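Participant: My questions will all concern the structure given below.
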Amino acid sequence: MKKTTLRQNVTNGDREWFVLDADGKTIGDIATVVADTLRGKNRPDYTPHVDGGAYVVILNAEKVVATGNKEKDKKYYRHSGYLGNLKTETLQMVREKSPTRILEAAVKGMLPKNKLRKPQMRRLFLIVGSDNPHEAQKATELIIK
Numbered sequence: 058m059k060k061t062t063l064r065q066n067v068t069n070g071d072r073e074w075f076v077l078d079a080d081g082k083t084i085g086d087i088a089t090v091v092a093d094t095l096r097g098k099n100r101p102d103y104t105p106h107v108d109g110g111a112y113v114v115i116l117n118a119e120k121v122v123a124t125g126n127k128e129k130d131k132k133y134y135r136h137s138g139y140l141g142n143l144k145t146e147t148l149q150m151v152r153e154k155s156p157t158r159i160l161e162a163a164v165k166g167m168l169p170k171n172k173l174r175k176p177q178m179r180r181l182f183l184i185v186g187s188d189n190p191h192e193a194q195k196a197t198e199l200i201i202k
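Numbering (the numbering used here), first residue to last: 58 to 202.
Rendered as structure tokens:
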């Protein structure tokens, strides 16, 4: 009996579509499930060096919940590259300005820090509101345990 290991490549890289409603769910719970789905870790032929993940559409991205005092205490940083230009914003300020940035930063931090991160982030769609513009792809529901 010959034992073989399943490996992903270009020929068997069929991508699925998943949809997730973020209303009332916590940031970390959503980010862990979405990051694993974007990487393809839920597939039996997962290969770490191959980009074989799925597309994920997150609806109601602005209604994500933060527990504890994170609304005032959690900080988001960005830097322009010039000396002394480190900008700091709280979670509350980011939620008012661009609510999709919260989940985008959480998922991005859970993906690998190599050249696979950018194409994986391109397959993440964060939607404000409950209208799904990608209904034609017949996405299946992504379950958070």
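No residue lacks a Cβ here, since even glycine has one placed at the ideal position from N, Cα and C. All figures in this text were calculated on a predicted structure; none of them were measured in a lab.
I need the DSSP call for Glu146, collapsed to helix, strand or coil.
Facilitator: Your numbering for residue 146 matches position 89 in the sequence shown. Note: Glu146 maps to strand in three-state DSSP.
Participant: Report the three-state DSSP secondary structure of Ile115 (helix, strand or coil).
Facilitator: Walking along the sequence shown from the start, residue 115 turns up at place 58. DSSP places Ile115 in strand when its eight states are reduced to three.
Participant: Is the number of C-beta pairs between the stretch 114-126 and the stretch 178-197 that are closer than 8 Å three or more?
Facilitator: Enough Cβ pairs lie closer than 8 Å, so yes.
Participant: Can you list, in chain order, the stretches of the alpha helix (DSSP H) that have 4 or more residues and sit fully within the stretch 115-194?
Facilitator: Counting only runs of 4 or more, we get 127-130, 148-154, 157-167 and 174-179.
Participant: Can you check which of these residues, Ile84, Gly138 and Ala162, is closest to Val122 by C-alpha distance?
Facilitator: In the sequence shown, counting from the first residue as 1, residue 122 sits at position 65. Val122 has its Cα closest to that of Ile84, out of Ile84, Gly138 and Ala162.
Participant: Quick check: what's the CA-CA separation for Gln177 versus Lys59?
Facilitator: What you label residue 177 is simply residue 120 of the sequence shown in a count that begins at 1. What you label residue 59 is simply residue 2 of the sequence shown in a count that begins at 1. Rounded to the nearest angstrom, the two C-alpha atoms are 34 Å apart.
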